[in-house]
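Peer 1: Can you read through this structure? Questions will come right after.
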Amino acid sequence: MAQIFPFTDPVAVETTPPTQFVRGNGVRVVDADGKSYIDAVSALWCASLGFSPERLTRAMADQMGKLAYYHSFMGRTPEVADQLAARLIARLPGMERVFFGTSGSEAVETASKFVRYYWNAKDRPQKKRIISREGAYHGSGQMSAALTGLTYCHDGFDLPLDAVLRTGRPHYLRDAEPGESEADFSKRRARELDALITAADPETVGAFIGEPAMGAGGVILPPDGYWAEIQNVLAKHDVLLIADEIICGFGRTGEWFACETYDIRPDMMTLAKQLTASVFPMSAVAVSGKVYEAIEALAGKNGTLGHGVTYGGHPVGAAVALECLDIYEEMDLPAHVGRLGNLIADGLARLRDAPGVLDVRHSGMLAAVEFNTDALARAVGEEAERMGVFFRIIGSVLAIAPPYICTDADIEEITSVMRKAVEAQAVPQ
Ligand SMILES: Cc1ncc(COP(=O)(O)O)c(C=O)c1O
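Residue 344 in the UniProt record's numbering sits at position 344 of the sequence shown, with consecutive numbering throughout.
What follows is the structure, given as structure tokens:
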């Protein structure tokens, strides 16, 4: 084998090589042996329009025929990148400018650098540390991995953890105290955040980053009042808020952006994945007017914004993203995701009382079944895979985030396979 595989045990892979995939067919992927699977988590929560989206293929080919590559440095830019920026700004709540990159990790790296730039522009050079939460996933760069709150992403890499402050995850089910209501749990998390910032010295804390609903940490949906409480504390200490919408953005939780679902008013947003339905690597950082003014002032003084990547604002990616926006608008994204999300919830509802099931939850088309043990979740996930449906196994959780192009019958297949895989565990073999 010549590849180094990400998030894979390199020793185990020597005896169990990865399954190779050769074709996509709507919401299904086909492996080298011809076996077809529904990917019920859109691969990495990202292939919102499935694995053979013809309109995106055409958009890509058309743009390749017109202008296959150009950059946005030093006074030039592809026209299509400018068009995409304008379309995004018209959609993004409270944002005024966007900066393009190529991956989600890179978007988080950029947002982290913008935090430093912002506070330097404000002449408060100590205000640089960023708070993130246990269980968060923000990427695999230096800073984005340090912000990630999953220790297996830190091990062995000597990340710049000094630049990060860590606070508790909003996992009511696992972390609430006996008798604590959701609202009280949210208040406690806010008090803990307040204490953390106060102890660290607010003049050293520049920003807080959070996924509106957490993905890779186990589909953790915010409990009642959580974001309102957190935003009060951030405002009190003049701490910027970065909403990492890399999974949630473009419809996943039932509104165009999860900031709308949860009434979050961020200073910056990071976007990727469903921006291009993941058929072209592209990401973006959107910033509010307040943040942009500071960036503009300091970059103006410095003579340039000394930050950018060769493939940022790639014309082919921009053309694909514009076509995605057209498709999302034609499907009336919030209504469409709301309807399919309800079908998922209905299909999973009867699992609530199944032996070993701790919780069933969803927000739009982001859903999870949580089990009592990791072993049970793994057994159900592996059984579902044998039955031709991929869920993402995350400890005791099976995550579900299917492509938006699922038919009602696809949703029925996904939820019935989940039910059957759970039932199969209850029956002695
Ligand atoms: C919330 C969140 N932020 C950042 C990232 C990193 O994105 P990428 O893998 O494109 O670098 C991910 C990837 O899953 C993510 O889920």
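Cβ atoms here follow ideal geometry from the backbone N, Cα and C, with glycine treated the same way. The structure presented is a predicted model; accordingly, all values stated were derived computationally and were not measured.
Could you tell me the distance, in whole angstroms, from the CA atom of A85 to the CA atom of D238?
Peer 2: The straight-line gap from Cα to Cα measures roughly 28 angstroms.
Peer 1: Taking the C-alpha atoms as reference points, what is the distance between A345 and K66?
Peer 2: So the alpha carbons of these two residues sit roughly 44 angstroms apart.
Peer 1: Taking the alpha-carbon positions, what's the A321 to A68 distance?
Peer 2: Rounded to whole angstroms, A321 to A68 spans 15 angstroms at the Cα level.
Peer 1: Measure the Cβ-Cβ separation of D267 and A207 and say whether it is below 9 angstroms.
Peer 2: Yes, the pair counts as a contact, with Cβ atoms nearer than the cut-off.
Peer 1: Would you check if the segment 278–290 and the segment 25–39 touch, i.e. whether three or more CB-CB distances between them fall below 8 angstroms?
Peer 2: The segment 25–39 vs the segment 278–290: no contact.
Peer 1: Once DSSP output is grouped into helix, strand and coil, what is the label at A286?
Peer 2: Three-state result, A286: strand.
Peer 1: Does the beta carbon of D162 fall short of 8 angstroms from some heavy atom of ligand 1?
Peer 2: Checking the Cβ of D162 against ligand 1 gives no.
Peer 1: Taking all protein chains shown into account, decide if A421 is buried (16 or more other Cβ within 10 angstroms of its Cβ) or exposed.
Peer 2: Its Cβ being crowded by 16 or more others within 10 Å, A421 is buried.
Peer 1: Is the closest heavy atom of ligand 1 to the C-beta of L44 under 8 angstroms?
Peer 2: The answer is yes for L44.
Peer 1: Short check: CB of G308 to CB of L275, under 9 angstroms?
Peer 2: Their beta carbons are not under 9 angstroms apart, which means G308 does not touch L275 by this criterion.
Peer 1: Can you tell me which of the three DSSP states A272 falls into?
Peer 2: Looking at A272 - three-state DSSP - the assignment turns out to be coil, as it is neither helix nor strand.
Peer 1: Which value, in whole angstroms, describes the spacing of the CA atoms of F73 and V41?
Peer 2: Roughly 36 angstroms separates the two Cα atoms.
Peer 1: Just to confirm the assignment: which complete beta strand (DSSP E) runs, minimum length 3, are found wholly within the segment 190–275?
Peer 2: DSSP runs (the beta strand (DSSP E)) wholly in the segment 190–275: 205–210, 240–244, 268–271.
Peer 1: Please report the straight-line C-alpha distance between D374 and V397, rounded to a whole angstrom.
Peer 2: The alpha-carbon atoms of D374 and V397 are separated by roughly 7 angstroms.
Peer 1: Rounding to the nearest angstrom, what Cα-Cα distance links P355 and Q425 in this structure?
Peer 2: Computed Cα separation, rounded: 9 angstroms.
Peer 1: Got a sec: is the Cβ-Cβ distance from A81 to anything in chain D below 9 angstroms?
Peer 2: Judged by its chain identifiers, the structure shown contains no chain D, having just a single protein chain.
Peer 1: Report whether the distance from the Cβ of I247 to the nearest heavy atom of ligand 1 is below 8 angstroms.
Peer 2: Yes, the beta carbon of I247 sits closer than 8 angstroms to at least one heavy atom of ligand 1.
Peer 1: Ligand 1 and V108: does any heavy atom of the ligand fall closer than 8 angstroms to the residue's C-beta?
Peer 2: Checking the Cβ of V108 against ligand 1 gives yes.
Peer 1: Taking contact to mean at least 3 C-beta pairs separated by less than 8 angstroms, is the segment 250–270 in contact with the segment 363–382?
Peer 2: The segment 250–270 vs the segment 363–382: in contact.
Peer 1: Given a cut-off of 9 angstroms, decide if P315 and Y70 are closer than it, judged by their beta-carbon atoms.
Peer 2: Cβ distance < 9 angstroms, so Y70 and P315 count as in contact.
Peer 1: For V80 and G50, which I take to be in contact (beta-carbon distance under 8 angstroms), what is that distance rounded to the nearest angstrom?
Peer 2: Contact flag wrong, Cβ pair sits at about 23 angstroms.
Peer 1: Tell me whether the beta-carbon of L240 lies closer than 9 angstroms to the beta-carbon of V108.
Peer 2: No; because the gap between Cβ atoms is not below 9 angstroms, this pair is not in contact.
Peer 1: So, with DSSP's three-state summary, where would you put H336?
Peer 2: If DSSP states are grouped into helix, strand and coil, H336 belongs with the helices.
Peer 1: Smallest Cα separation from V417: which of G395, F391, A401, P403?
Peer 2: Considering only alpha carbons, the answer is F391.
Peer 1: Checking 9 angstroms against the spacing of the C-beta atoms, do I246 and G341 come in under that value?
Peer 2: Taking 9 angstroms as the Cβ cut-off, I246 and G341 do not qualify as a contacting pair.
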